[in-house]
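One line per chain: the protein sequences are X and D, in this order. Each residue of the first sequence is one higher than the one before, counting from 15 in this note's numbering. Each residue of the second sequence is one higher than the one before, counting from 61 in this note's numbering. C-beta atoms are modelled at their ideal positions from N, C-alpha and C, and glycine is treated no differently. On a predicted model such as this, the values are computed, not experimentally measured, just so you know.
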Amino acid sequence: MRSPEDRGLRESAIFDKASIAAIQHAAETGIYDIRGWGAKRAVPHFDDLLFLGSAISRYPMEGYRERCDTDVTMGAENASKPMELDIPITIAGMSFGALSAQAKEALGRGASAMGTSTTTGDGGMTDEERTHSDKLVYQLLPSRYGMNPDHLRQADAIEVVVSQGAKPGGSGMLLGQKISERVAAMRTLPEGIDQRSACRHPDWTGPDDLTLKIQELREITDWEKPIHVKVAATRPYYDTKLAVAAGADVVVLDGMQGGTAATQEVFIEHVGIPTLAAIGPAVRALTEMGVHRKVKLIVSGGIRTGADVAKALALGADSVAIGTAALIALGDNDPRWAEEYEKIGSAAGYYDDFQAGQDPAGITTQDPKLAARLDPVAAGKRLANYLQVLTLEAQTIARACGKSHVTHLEPEDLVALTIESAAMTGLPLAGTEWVPGRNGDL
Amino acid sequence: MEALTDTTVEIDLSQSTVRELNAELHAPTSKSYRVSNSRGLHSVAVGIKDEIDVEIDGDVGYYCAGMHQKGNLTIAGMAGPGVAENMMSGRVHIKGHASQSAAATAHGGLLVVDGNASTRCGISLKGGDIVVKGNIGALSAFMAQAGRIVVCGDAGEALGDSIFEARLYVRGSVASLGTDCIAKEMRDEHREELAQLLKDAGMEDEANDSKYLDSFTRYGSARTLYHFNSGE
Ligand SMILES: Cc1cc2nc3c(=O)[nH]c(=O)nc-3n(C[C@H](O)[C@H](O)[C@H](O)COP(=O)(O)O)c2cc1C
C-alpha cells in the first residue's frame with residue numbers, strides 16, 4: 015500500500031502522529047503517560063556548535079604522537095582523598111531498582127576499566143556496584159532510601175542530589191513491577207507498590223541549610239571525600255552560586271534532555287532548560303566567584319559523542335556525565351531484541367518504557383529472567399569501548415585545536431551554527447563576529 | 061573496644077573544635093565522653109559508630125548525632141534541626157526540646173525527647189523509633205515508611221501525610237490528619253509495643269499503667285496511595 019504521504023495526504027505539524035496518539039491514550043486511560051529516557055523533542059544542542067580547529071593563526075598538536083591529557087581531579091580543595099578520574103566522562107547516578115544488578119555491575123566494570131567513576135542512585139548502594147566500581151559516588155537524595163553511614167564512608171565521593179534535569183522539582187518514581195523483594199527491602203517499602211520518592215530533602219530547605227548539611231557530611235566522613243551537588247538546569251547561574259557558597263566541591267548540572275528511569279512525559283518535555291543553555295551561566299557564576307576549574311563542573315543531559323564531550327569542556331565544564339548513552343552502550347535498544355520490543359508495543363531504537371520493568375535487554379528490569387540476559391562482563395567491555403571512543407574523539411578535537419589537555423579547550427575554539435545557539439552560549443555566529451544581544455542589534 | 065579506658069574524657073568546645081571532637085569520637089579512646097560549651101554549634105557528635113556514651117552539656121545546633129550508630133548520646137539542652145537524622149541504631153536522648161525534622165529518615169535506634177519536637181518530626185522515618193514526651197509539630201511522620209512514633213502530648217497539623225507502614229501512637233489531640241493517614245484499632249500487640257517503647261524511653265510507671273496506655277490512639281496508613289491509579 016502507498017504511504018499516506020504518497021497518496022497526497024498531509025500530516026499536521028501541530029497535531030502530529032505522536033500528539034494524536036497521546037490524546038487518544040489520555041482519553042482511553044485517564045492517566046498521564048509515565049516513561050523513561052529523556053526529552054525527545056528537538057532543542058538547541060551541541061550539534062548547533064562547531065569547532066574551528068587550527069589554521070595559520072593557531073597551531074595544532076600531532077594526533078597520536080603529542081600528548082593530550084584527559085585526567086580530572088574532584089575535590090582537591092577540601093577533601094583529603096580527592097577523586098582522580100582518568101577521563102572527563104563519568105557515569106551518572108542511576109539506581110539499582112531502576113536498573114538490574116547486572117546492569118549496575120556492567121557500569122562499574124566499564125567505568126573502572128577506563129579509570130572513571132559510577133554513581134549510585136535513588137535506592138542505595140549495592141555490593142555489586144561497590145565491588146565493581148573502583149570509584150563510586152554515593153548519592154544523598156531526598157528519599158534517603160537505603161541511606162547508610164557505612165556506605166557513606168565506603169564511597170569515594172558524595173553527591174547531594176537537589177534535582178534531576180528530566181524533572182526539576184519532581185521526584186523519583188518506581189512502579190510496582192520493579193519493586194521486587196530486594197528493591198523493597200533496600201528502600202524499606204512494601205513490595206509491589208508504585209513508589210514516589212520525596213521531592214524535597216527531609217532535613218534541609220534552602221541554601222543556608224545546605225551549607226550545614228554539607229558540613230555535616232564532611233564531618234561524618236572526616237573531610238575525606240569530595241562533595242558534589244547535583245542540580246537540574248533551571249536557573250543555573252543562581253544555583254551554581256548557591257551550591258558553591260554552600261561548600262560544594264563539584265557542581266553537577268543536568269540539562270532538560272537528561273535521562274530518567276520513570277517520569278511523567280509532560281515533565282520530561284516541558285520543564286527545565288537545555289544543557290547547551292545551562293553551561294554558560296554556570297561557568298559565569300564560577301568565574302565571578304573566582305573558582306572556575308577549582309570547583310568542578312560536571313555537565314550531563316544528551317551527551318552522545320566525543321564532540322559533545324569536547325564542546326561541553328570548551329564551554330567551561332570539567333567533565334561530563336552520561337546516563338542514556340551508557341545504557342545504549344550496554345545493550346539498551348539493541349536491534350537483536352527487535353522482535354521482543356515489538357511484542358511489548360515498542361521498537362528497537364524507540365524503547366523508553368524503563369518504568370515498566372520488561373526490558374528485553376535486561377537493563378531496566380528487576381525480572382530475574384530478563385536481567386540474566388545481560389552479561390555484565392561483555393556489557394562492561396562494550397561500555398569501556400564506548401568510553402574509549404568518546405575519549406579519543408575528544409582528544410582528536412582538542413589536538414586539532416592545539417590543546418595538550420582536553421580541558422584547555424575554550425570558547426574561542428567554538429562558533430555557533432544557529433542564532434539560538436549563539437544567543438544561548440554567547441558564541442559568535444559562524445562566519446561573523448556577531449553574538450546576539452551583546453554586540454549590535456538582536 | 062577492649063583498649064578503651066573507663067575514664068570519662070572531657071571535651072570543652074570552647075577549647076576544641078567540632079572537627080577535633082568528631083575525629084576523637086570516630087576513633088574513640090574512651091568509653092565515655094562529656095562535652096561542654098556546645099553553644100548551639102552544628103554537626104556536634106555526628107557519625108558515631110561505636111558503643112560509647114556521650115553526654116553533651118548544653119544546646120546544640122543542626123544535625124547533632126547525625127547518622128548515629130550504636131552509641132548512647134544524651135543532650136542536656138535543646139537540639140536544633142535534624143537531630144539524629146538518619147540514625148541507624150543506638151540511642152539519642154534530648155532532655156530539652158527538639159527543633160524540626162528530629163530523627164528524619166532514621167533507619168533504626170531510639171530517639172527520646174523529654175520536651176516537645178517541632179515540625180516534621182520523624183519525616184520519612186525508615187524503621188527508627190521516636191518517643192516524644194511533649195507535643196510534636198505539623199507534618200510529622202510525613203511519608204514515614206517504617207518504625208514507630210510515640211507522642212505523649214498533642215500532634216500538629218497533617219500528621220502522617222502520605223504515610224506508609226510506620227505506626228504512630230498519640231495520647232493527646234491531633235490537629236489534623238494528613239492525606240491517607242487514619243486512626244486505627246489498638247490491638248494487644250500494639251499495646252505491648254507501646255508499653256515497650258515507653259519503657260525504653262524510661263517511662264516505666266506509665267508503661268505499667270493500663271489507663272495510661274488506653275489513652276493513646278494508633279494512627280497509620282489507609283494505603284489508598286500505594287498505586288497510581290488509586291487517586292492522586
Ligand atoms: C535509568 C535511569 C535512572 C536514573 N536514576 C537516577 C537517580 O537515581 N538519581 C539521579 O540523580 N539521576 C538519575 N538519572 C539521571 C542521570 O543521573 C543523568 O542525570 C541523566 O541520565 C543524564 O542525561 P543523559 O541520559 O542524556 O546522559 C537516571 C537516568 C536514567 C536513564
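Residues in its own chain within less than 7 Å of residue i by CB, not counting five upstream and five downstream?
{"i": "Leu254 (chain D)", "result": "Val210, Tyr229, Leu273 and Phe276"}
{"i": "Gly451 (chain X)", "result": "Ala437"}
{"i": "Pro295 (chain X)", "result": "Pro250 and Tyr251"}
{"i": "Ile207 (chain X)", "result": "Gly190 and Ile193"}
{"i": "Gly363 (chain X)", "result": "Asn347"}
{"i": "Gly330 (chain X)", "result": "Ile293, Val297, His306 and Leu311"}
{"i": "Phe288 (chain D)", "result": "none"}
{"i": "Leu257 (chain D)", "result": "Asp189, Val191, Arg208 and Val210"}
Say the cut is 6 Å; is the CB of residue i nearer than that to a heavy atom of ligand 1?
{"i": "Ser126 (chain X)", "result": "no"}
{"i": "Phe60 (chain X)", "result": "no"}
{"i": "Phe368 (chain X)", "result": "yes"}
{"i": "Gly52 (chain X)", "result": "yes"}
{"i": "Gln178 (chain X)", "result": "yes"}
{"i": "Ser333 (chain X)", "result": "no"}
{"i": "Met108 (chain X)", "result": "yes"}
{"i": "Asp381 (chain X)", "result": "no"}
{"i": "Ile282 (chain X)", "result": "no"}
{"i": "Ala275 (chain X)", "result": "yes"}
{"i": "Ile190 (chain D)", "result": "no"}
{"i": "Ser491 (chain X)", "result": "The displayed coordinates of chain X run from 15 to 456. Any statement about residue 491 (chain X) would go beyond what the structure contains."}
{"i": "Thr239 (chain D)", "result": "no"}
{"i": "Ile101 (chain X)", "result": "no"}
{"i": "Ala112 (chain X)", "result": "yes"}
{"i": "Asp175 (chain X)", "result": "Residue 175 (chain X) is actually Val in this sequence, not Asp. True, at least one ligand heavy atom lies under 6 Å from that Cβ."}
{"i": "Asp373 (chain X)", "result": "no"}
{"i": "Thr338 (chain X)", "result": "yes"}
{"i": "Gly184 (chain X)", "result": "no"}
{"i": "Gly320 (chain X)", "result": "no"}
Since residue i is in the alpha helix (DSSP H), which residue starts that stretch and which ends it?
{"i": "His153 (chain D)", "result": "Per DSSP, His153 (chain D) belongs to no alpha helix (DSSP H); it is in the beta strand (DSSP E), Arg151 to Ile154."}
{"i": "Gly124 (chain X)", "result": "Ala115 to Ala127"}
{"i": "Ile411 (chain X)", "result": "Pro390 to Ala414"}
{"i": "Arg144 (chain X)", "result": "Asp141 to His146"}
{"i": "Asn82 (chain D)", "result": "Val78 to His86"}
{"i": "His242 (chain X)", "result": "It is not in any alpha helix (DSSP H) - His242 (chain X) instead sits in the beta strand (DSSP E) that spans Ile241 to Ala246."}
{"i": "Gln38 (chain X)", "result": "Lys31 to Thr43"}
{"i": "Lys255 (chain X)", "result": "Pro250 to Ala259"}
{"i": "Gln229 (chain X)", "result": "Gly220 to Ile234"}
If you follow the beta strand (DSSP E) that residue i is part of, which residue opens it and which one closes it?
{"i": "Arg251 (chain D)", "result": "Counting along the chain, Arg251 (chain D) falls outside any beta strand (DSSP E), though it belongs to the alpha helix (DSSP H) covering Asp248 to Asp260."}
{"i": "Met88 (chain X)", "result": "Val86 to Met88"}
{"i": "Lys310 (chain X)", "result": "Lys310 to Ser314"}
{"i": "Val175 (chain X)", "result": "Ala171 to Val175"}
{"i": "Ile282 (chain X)", "result": "Run containing Ile282 (chain X): none in the beta strand (DSSP E); it sits in the alpha helix (DSSP H), Glu279 to His284."}
{"i": "Arg227 (chain D)", "result": "Arg227 to Val230"}
{"i": "Glu70 (chain D)", "result": "Val69 to Asp72"}
If contacts are defined as beta-carbon pairs under 8 Å, then residue i and residue j qualify, I think. What distance do you get, rounded to the angstrom?
{"i": "Thr277 (chain X)", "j": "Lys181 (chain X)", "result": "5 Å"}
{"i": "Gly183 (chain X)", "j": "Val285 (chain X)", "result": "7 Å"}
{"i": "Gly186 (chain X)", "j": "Asp217 (chain X)", "result": "18 Å between Cβ atoms; not a contact."}
{"i": "Ile48 (chain X)", "j": "Gln369 (chain X)", "result": "5 Å"}
{"i": "Lys239 (chain X)", "j": "Ala171 (chain X)", "result": "5 Å"}
{"i": "Arg167 (chain X)", "j": "Thr248 (chain X)", "result": "Going by Cβ atoms, the distance from Arg167 (chain X) to Thr248 (chain X) rounds to 32 Å, so no, they are not a contact pair."}
{"i": "Ala215 (chain D)", "j": "Ala243 (chain D)", "result": "Not a contact, Cβ separation roughly 12 Å."}
{"i": "Leu428 (chain X)", "j": "Lys325 (chain X)", "result": "7 Å"}
Ignore the nearest five residues each way along the sequence and tell me which others in residue i's own chain have a CB closer than 6 Å to its CB.
{"i": "Tyr122 (chain D)", "result": "His102, Gly140, Pro141 and Gly142"}
{"i": "His157 (chain D)", "result": "Met138, Gly175 and Asn176"}
{"i": "Ala206 (chain D)", "result": "Lys186, Gly187, Glu225 and Ala226"}
{"i": "Asp268 (chain X)", "result": "Gln178, Gly179, Ala246, Ser314 and Gly315"}
{"i": "Met246 (chain D)", "result": "Arg278"}
Give every residue of the same chain whose Cβ lies closer than 8 Å to the Cβ of residue i, excluding the five residues on either side of it in the sequence, and list them in chain order.
{"i": "Thr225 (chain X)", "result": "Ala259, Ala260 and Gly261"}
{"i": "Thr104 (chain X)", "result": "Ala125, Thr130, Ser131, Thr132, Thr133, Val151, Ile312, Ser333, Val334, Ala335 and Ile336"}
{"i": "Glu143 (chain X)", "result": "Phe110, Lys118, Glu119, Leu121, Gly122, Thr132, Thr134 and Leu150"}
{"i": "Gly291 (chain D)", "result": "In this prediction, Gly291 (chain D) has a pLDDT of 45, which is less than 50 and means its spatial position is unreliable; what the coordinates show is noted afterwards. Thr284 and Leu285, listed in sequence order."}
> What are the residues of the segment 191 to 209 of chain X that lie near chain D, defined by any Cβ-Cβ distance shorter than 7 Å?
Replying inline: Per Cβ criterion, the list reads Thr202, Leu203, Pro204, Ile207 and Asp208.
> Looking at chain D, which residues of the segment 41 to 59 of chain X have a Cβ within less than 7 Å of any of its Cβ atoms?
Replying inline: Result list: Ile45.
> Any residues in the segment 102 to 122 of chain D with a beta carbon nearer than 8 Å to a beta carbon of chain X? Which ones, in chain order?
Replying inline: In summary, the residues of the segment 102 to 122 of chain D whose CB is separated from some CB of chain X by less than 8 Å are His102, Ser103, Val106, Gly107, Lys109, Gly121 and Tyr122, in the order they occur in the chain.
>> What are the residues in the segment 159 to 190 of chain X lying within 9 Å of chain D by C-beta distance?
In response: Within the segment 159 to 190 of chain X, the qualifying residues are Tyr159, Gly160, Met161, Asn162, Pro163, Asp164, Leu166, Arg167, Met187, Leu189 and Gly190.
> According to a CB-to-CB cut-off of less than 8 Å, which residues of the segment 170 to 191 of chain D neighbour chain X?
Replying inline: Hits within the stretch, in order: Arg180, Ile183, Ser184, Lys186 and Gly187.
> Quick one, which residues of the segment 190 to 218 of chain D are near chain X if we go by CB-CB under 7 Å, in chain order?
Replying inline: Hits within the stretch, in order: Met203, Gln205 and Ala206.
>> What are the residues in the segment 123 to 154 of chain D lying within 8 Å of chain X by C-beta distance?
In response: Cβ contacts with chain X come from Tyr123, Gly126, Met127, Gln129, Pro141, Gly142, Glu145, Asn146 and Met148.
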